[in-house]
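**Student:**
Residue numbers (UniProt numbering): 1 to 174.
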């Protein structure tokens, strides 16, 4: 049975603006949220300029992650440095600040118990000590292998395996 060949004129002309406009709108929305967040959080700091200078300096450095990459550890370093240099806060803590506080209180480490996750270009999996204790040796190897493989490909964020994710959620304070 022969299939009919459709002519080009019979088909509806394609417009590429639909996909592009959706991408454009999403980008605009992200920028608007970023501006709103910056203005909202700027009101929390008694000296926002000092905090911004500290943040830029720490972001450029390699302590707490690769240079130029933001991380929870770098946020922790910014908060400590800002407080040390006399900066203060107005009002209560935001949700992210509360999370950072609880993260700081936990004993995070690598599988071997090391507090340094990065060795050269490769980053090891970093979990709370209690989460490591809940994993079997095979589960530990699997999550470590996944993190190292992603790290070699240049990925900063590599999802935990299901077992490691479950163990971390059970042990993380909320």
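Using N, Cα and C, we set each Cβ at its ideal position, and we do this for glycine too.
Might you give, ordered along the chain, the residues of its own chain that have their beta carbon closer than 8 Å to the beta carbon of residue 51, omitting 5 neighbours on each side?
**Tutor:** Translated into positions along the chain shown, residue 51 becomes position 51. So the qualifying residues of the chain are 45, 78, 82, 87.
**Student:** Ignore the nearest five residues each way along the sequence and tell me which others in residue 150's own chain have a CB closer than 7 Å to its CB.
**Tutor:** The residue labelled residue 150 in the question sits at position 150 within the chain shown. Taken in chain order, the residues that qualify are 158.
**Student:** What's the call for residue 102, buried or exposed, on a 16-neighbour Cβ count within 10 Å?
**Tutor:** As a working mapping, residue 102 is identified with position 102 in the chain shown. Residue 102 should be labelled exposed.
**Student:** Which whole runs of the alpha helix (DSSP H) in the region 63-120 are 4 residues long or more, in chain order?
**Tutor:** You should have 72-84, 95-105.
**Student:** Closest to residue 136 by C-alpha separation, out of 164, 147, 72, 160, would be which residue?
**Tutor:** Position 136 of the chain shown, counted from the first residue, corresponds to residue 136. Minimum Cα distance to residue 136 is reached at 164.
**Student:** Please confirm whether residue 127 and residue 109 have their CB atoms less than 9 Å apart.
**Tutor:** Here residue 127 refers to the residue found at position 127 of the chain shown. Here residue 109 refers to the residue found at position 109 of the chain shown. Yes, Cβ-Cβ distance for residue 127 and residue 109 is below 9 Å.
**Student:** How many angstroms separate the CA atom of residue 47 from the CA atom of residue 89?
**Tutor:** Residue numbering aside, residue 47 sits at position 47 when the chain shown is read from its first letter. Residue numbering aside, residue 89 sits at position 89 when the chain shown is read from its first letter. Distance between the alpha carbons of residue 47 and residue 89 is about 8 Å.
**Student:** Taking the straight line between their C-alpha atoms, what separation do you get for residue 75 and residue 138?
**Tutor:** Within the chain shown, numbered from 1, the residue matching residue 75 stands at position 75. Within the chain shown, numbered from 1, the residue matching residue 138 stands at position 138. Rounded to the nearest angstrom, the two C-alpha atoms are 32 Å apart.
**Student:** Take the Cβ of residue 96 as the centre, count every other Cβ of all protein chains shown within 10 Å, and call the residue buried at 16 or more, exposed below.
**Tutor:** The residue given as residue 96 occupies position 96 in the chain shown. With fewer than 16 Cβ atoms within 10 Å of its Cβ, residue 96 is classed as exposed.
**Student:** Report the CB separation of residue 161 from residue 134 in whole angstroms; it is logged as a contact under 8 Å.
**Tutor:** Here residue 161 refers to the residue found at position 161 of the chain shown. Here residue 134 refers to the residue found at position 134 of the chain shown. Their Cβ separation, rounded to whole angstroms, is 13 Å, which puts residue 161 and residue 134 out of contact at 8 Å.
**Student:** Quick one: Cα of residue 65 to Cα of residue 167, how far?
**Tutor:** Start at 1 with the first residue of the chain shown, and residue 65 comes out as number 65. Start at 1 with the first residue of the chain shown, and residue 167 comes out as number 167. Roughly 24 Å between the two C-alpha positions.
**Student:** From the DSSP output, in three-state form, read off residue 50 for me.
**Tutor:** Numbered from its first residue, the chain shown carries residue 50 at position 50. Of the three classes helix, strand and coil, the one that applies to residue 50 here is helix, per DSSP.
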